[in-house]
Amino acid sequence: MNCTGQPDGNYEIGCRSYTICASGKQSIISCESGMAYNTDTGKCDDINNIPPPCGVMKDCSALDNARYADTDNNCKSYYTCNGGIFVGHNFCPANLVFNEENQACDYPDAVRAPCGTKV
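Its first residue numbered 1, the sequence shown is counted upward by one per residue in UniProt numbering.
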């Protein structure tokens with residue numbers, strides 16, 4: 001995010017980090033383990049106080065190192081597993097869904113079910 005011209009404040013980057021814009025300057029804050037960005041308070045908070053998808057930790061113990069579509073919110077976000085550990089959620093830009101085949105956010109007509117409409 002570029003803070004130039006942005007009002008001072010906190011801006012969500014993803015579930016586990018946010019940007020503080022102050023006088024056009026940017027500082028990135030990463031939440032500690034077990035915490036996520038709370039849009040109501042504008043800072044990191046205990047994951048139990050955060051609504052889904054950010055407040056939900058996924059079980060990665062049997063999953064490969066990859067990103068996975070979060071079907072709980074119609075694939076508008078995805079989560080990352082690394083070494084059997086849940087790393088966190090990230091959001092796709094508006095009107096896009098997560099495509100597990102290419103490991104990126106994509107248009108729904110380019111993504112197979114359950115996330116998209118590609119045949």
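In this text, a Cβ means the ideal position worked out from N, Cα and C, and glycines have one as well.
For D109, the three-state secondary structure derived from DSSP is helix. Selection P51, I13, Q26 and C15 evaluated against P7 yields Q26 as nearest (Cα-Cα). When only Cα atoms are considered, P114 and Y107 end up about 13 Å apart. Across the structure, E100 and R112 are spaced so that their CA atoms are roughly 9 Å apart. Per DSSP, the continuous beta strand (DSSP E) segment holding Q26 begins and ends at K25 to S30.
Looking at P53, I28 and V56, the one whose alpha-carbon comes closest to that of K43 is I28. A buried status is given to D70, since no fewer than 16 other beta-carbon atoms sit within 10 Å of its beta-carbon.
S77: member of the beta strand (DSSP E) spanning S77 to N82, first to last residue.
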